[in-house]
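What follows is a single structure, written as structure tokens, with notes after it.
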Amino acid sequence: MTTPDSAPTTMPAFPSTFTWGVATSAYQIEGGATADGRGPSIWDTFTHTPGKITDASTGDVACDHYHRYAEDVDIIASLNVDSYRFSIAWPRVQPDGSGAWNEAGFDFYSRLLDKLAEKNIAAHVTLYHWDLPQALEDKGGWLNRDTAAHFAVYAAEVARRFGNRVATIATHNEPWCTANLGYGTGQFAPGMADPAAAVSASHHLLLSHGLAMQAMRKLNVSAKLGIVLNQWTATPATDSAADIKAAEVEWARSVAWFMDPIFKGSYPELALANNDCSLLSIHENDFNDIRQDIDFLGVNYYFRAFVSTETPPRQPEFKLGKTDMGWEIYPQGLTELLVKLHAEYTLPPVYITENGMAVADQLQDGANGRQVKDQPRIDYLKMHLAALHDAMQAGVDVQGYFYWSLLDNFEWNSGYLRRFGLIYVDYDTQQRTLKDSAHWYRNFIKEQ
Ligand code: FCB
């Protein structure tokens, strides 16, 4: 594999059965923060705490998708995609995270599913995209083992109601982020900065995944059940023994830490030796609970880890530049990652559930109407789809690709300052404008 210097001029053909989609998550687009009985989540608390979000914004309104979902589904359909990945806000359907269900919340998702069905768009649902009901956080959040049991009850209720109306249900989105950014560094809600807490939270997240899988399986629904993990390969910055070792540790602590319990029923030794496990409490049956067959694995890929033991750390060459997040553009990392996963685990079918680029997009409103010329995003898409195709040629069973994101949206602690969408959102007017990349994606899918 060599580093591409630029986007390919001709695109490879994907199988006719391949799923093409776009992705979003509840807190980032819905708004309607107090509408129709929704309870507060840890992200409501976090965004309303001064100093946490770069532009001091919140998800109170976001893209107002809660009220504009019908228009948004029409836009999705206009992109020629056949699938839409979104998340259910747990506090919208169960305001306290345990106890009473909120029928008005379920009604919203039911209307959304109706509208998607009308447009022939398959629904790919995520149960947890980081918005824990605040009432559960008040009892310790993911540091409290009971949260895993509550999550399984919630998962089963969603599967009971919607399990025959959706194509897939993923338990978690990126538990690495929930644990490490939410509890380890404090960059994300709930904002705790304790590496030992992150390890404990990650175990309860994995347990909650396993308990939810078991609870949903009992219902015999048609939806495929799985999980979405954010993953990267770890490239040693040099061929020094120290960098090589550090890269192995990085892989063990980030990727294998979540993959091994699910696929092998244990934590990797190298990670146990390098994590602060002082708060980790593994009960006797936990690995049996966590190690459940999954029907699909969702992989979110944005960048690689470039691992250096020097001070300051040695940087990659950034041959293809950086995104507006400052993330290295490294498409062949997607090939490398998938090939390595395929070599180390017996994988179920894989979906790329997220991949995309933040660009400092400018809306132009001139004689040609409203336009956003986002050629860097088109190049990013082309290079990553070519890299994905390479992995499939190498034997990895990948069944779909979801661009992150459908809409510009609330990018967590960056607020509205980072734009990932195929669709530009003017937050003052809520007007949506298809960027050039949306037109490119639409035509590319049509030609497949
Ligand atoms: C992923 C998240 C998603 C979005 C992208 C840019 O880590 O799952 O919500 O913020 O990054």
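Position in the sequence shown (first residue = 1) + 207 = the working numbering. Even for Gly, the Cβ is constructed at its ideal location relative to N, Cα and C.
task = Sort A430, Q341, H411 by Cα distance to F494 and report the nearest one.
result = Within the sequence shown, residue 494 is the residue found at index 287, counting from 1. Comparing Cα positions, the closest option is H411.
inquiry  = Under 7 Å: does the beta carbon of S409 sit that close to some heavy atom of the ligand FCB?
reply    = Here residue 409 corresponds to residue number 202 of the sequence shown, with the count starting at 1. No - the ligand FCB has no heavy atom lying nearer than 7 Å to the Cβ of S409.
ask   = Since A363 and A422 are thought to touch, with beta carbons under 8 Å apart, how far apart are those beta carbons, to the nearest angstrom?
value = For this step, residue 363 is matched to residue 156 along the sequence shown. For this step, residue 422 is matched to residue 215 along the sequence shown. Sure, about 4 Å apart at Cβ, within 8 Å.
query = Excluding sequence positions up to five away, which residues of its chain have a Cβ less than 8 Å from the Cβ of L541?
reply = To locate residue 541, count along the sequence shown from 1; it is residue 334. Here the set comprises Y508, I559, N562, H591, A594, L595, A598.
key: Cβ-based burial, D628 [other Cβ within 10 Å; buried from 16]   = Here the question's residue 628 lines up with position 421 in the sequence shown. According to the sequence as given, residue 628 is Gly; it is not Asp. Buried is the call here.
inquiry  = Does T553 come out as helix, strand or coil in the three-state DSSP assignment?
reply    = To locate residue 553, count along the sequence shown from 1; it is residue 346. In the structure shown, T553 falls within a coil segment according to DSSP collapsed to helix, strand and coil.
Heavy atom of the ligand FCB within 7 Å of C270 beta-carbon = Position 63 of the sequence shown, counted from the start, is the residue given in the question as residue 270. The answer is no for C270.
key: Opposing strand residues paired with N507 [DSSP bridges]   = Taking the first residue of the sequence shown as position 1, residue 507 is located at position 300. Answer is N437, E561.
query = Could you give the distance in angstroms between the alpha-carbon of V605 and the alpha-carbon of W383?
reply = Here residue 605 is taken as the residue at index 398 of the sequence shown, counted from 1. Here residue 383 is taken as the residue at index 176 of the sequence shown, counted from 1. Cα to Cα, V605 sits roughly 22 Å from W383.
inquiry  = Buried or exposed, going by whether 16 or more other CB atoms sit within 10 Å of the CB of H336?
reply    = On the sequence shown, position 129 is the one that residue 336 refers to. Per the 10 Å Cβ criterion, buried.
ask   = Which word fits R318, buried or exposed, when buried means at least 16 other C-beta atoms lie within 10 angstroms of its C-beta?
value = Locating residue 318 in the sequence shown gives position 111, counting from the first residue. R318 is exposed by the Cβ-count criterion.
task = Report the residue from V566, T354, R245, V373 whose alpha carbon sits nearest the alpha carbon of T333.
result = Counting from one through the sequence shown, the residue named residue 333 turns up at place 126. Of V566, T354, R245, V373, the residue nearest in Cα terms is V373.
query = Using DSSP with H/G/I as helix, E/B as strand and the rest coil, what is I376?
reply = Residue 376 sits at position 169 when you count from the first residue of the sequence shown. Of the three classes helix, strand and coil, the one that applies to I376 here is strand, per DSSP.
Beta-carbon proximity list for Y676, same chain, < 7 Å, skipping 5 on both sides = Coverage of the chain is limited to positions 208 through 655, which leaves residue 676 absent and any answer about it impossible.
task = Return yes when the C-beta of F627 is under 7 Å from any heavy atom of the ligand FCB, and no when it is not.
result = Taking the sequence shown and counting its residues from 1, the one referred to as residue 627 is at position 420. Yes - the ligand FCB has a heavy atom lying nearer than 7 Å to the Cβ of F627.
task = Flag this pair as touching only if the segment 497 to 517 and the segment 478 to 487 have three or more C-beta atom pairs under 8 Å; answer yes or no.
result = no
request  = May I have the straight-line CA-CA distance separating T241 from S223, to the nearest angstrom?
outcome  = Position 34 of the sequence shown holds residue 241. Position 16 of the sequence shown holds residue 223. It is roughly 42 Å from the alpha-carbon of T241 to the alpha-carbon of S223.
inquiry  = What would DSSP say about F313, mapped onto helix, strand or coil?
reply    = In the sequence shown, the residue the question calls residue 313 occupies position 106. Three-state DSSP puts F313 in a helix.
message = Once DSSP output is grouped into helix, strand and coil, what is the label at G228?
response = As a first step, residue 228 is located in the sequence shown; it is residue number 21 there, counting from the start. G228: strand per DSSP, three-state reduction.
ask   = Taking the Cβ atom as the reference point for each residue, do G347 and D243 lie within a distance shorter than 8 Å?
value = Walking along the sequence shown from the start, residue 347 turns up at place 140. Walking along the sequence shown from the start, residue 243 turns up at place 36. No, Cβ-Cβ distance for G347 and D243 is not below 8 Å.
request  = Kindly indicate the opening and closing residues of the alpha helix (DSSP H) around L477.
outcome  = As a working mapping, residue 477 is identified with position 270 in the sequence shown. 476 to 481 is the span of the alpha helix (DSSP H), which, as asked, contains L477.
key: C-alpha distance - A263 paired with Q655, whole-angstrom precision   = Translated into positions along the sequence shown, residue 263 becomes position 56. Translated into positions along the sequence shown, residue 655 becomes position 448. Spanning the two alpha carbons is a distance of roughly 42 Å.
ask   = Under the criterion of a Cβ to heavy atom distance below 7 Å, does S248 qualify as lining the ligand FCB?
value = Working through the sequence shown from its first residue, we reach residue 248 at position 41. Not under cutoff, so the answer is no.
key: Alpha-carbon to alpha-carbon, P538 and A601   = Working through the sequence shown from its first residue, we reach residue 601 at position 394. Working through the sequence shown from its first residue, we reach residue 538 at position 331. Straight-line Cα distance between these residues: approximately 16 Å.
ask   = What residue from I630, N620, T636 has the CA that sits closest to K580's CA?
value = Residue 580 sits at position 373 when you count from the first residue of the sequence shown. Among I630, N620, T636, the Cα nearest to that of K580 is on I630.
ask   = So H255 is in the beta strand (DSSP E); what residue range does that whole segment cover?
value = Numbered from its first residue, the sequence shown carries residue 255 at position 48. From DSSP, H255 is part of no beta strand (DSSP E); its letter is neither H nor E.
inquiry  = Considering Cα atoms alone, identify which of A459, S294, Q394 is closest to N380.
reply    = Translated into positions along the sequence shown, residue 380 becomes position 173. By alpha-carbon distance to N380, the top candidate from A459, S294, Q394 is S294.
task = Put R639 into one of helix, strand or coil per three-state DSSP.
result = For this step, residue 639 is matched to residue 432 along the sequence shown. Correct three-state label for R639: strand.
query = CB of H336 to nearest heavy atom of the ligand FCB: below 7 Å?
reply = The residue you call residue 336 lines up with position 129 of the sequence shown. Yes, the beta carbon of H336 sits closer than 7 Å to at least one heavy atom of the ligand FCB.
ask   = Helix, strand or coil: which one does DSSP assign to F494?
value = Here residue 494 refers to the residue found at position 287 when the sequence shown is read from its first residue. In this structure, F494 counts as helix in the three-state DSSP scheme.
ask   = Taking 7 Å as the cut-off, is the CB of N427 close to at least one heavy atom of the ligand FCB?
value = Taking the sequence shown and counting its residues from 1, one reaches residue 427 at position 220. No.
request  = Output the distance between the C-alpha atoms of W458 and L477, rounded to the nearest integer angstrom.
outcome  = If you number the sequence shown from 1, residue 458 lands on position 251. If you number the sequence shown from 1, residue 477 lands on position 270. Using only the alpha carbons, I get a separation of about 9 Å.
request  = With DSSP as the reference, please indicate the residues paired to H331 in a beta bridge.
outcome  = Residue numbering aside, residue 331 sits at position 124 when the sequence shown is read from its first letter. Beta-bridge pairing links H331 to R292, T375.
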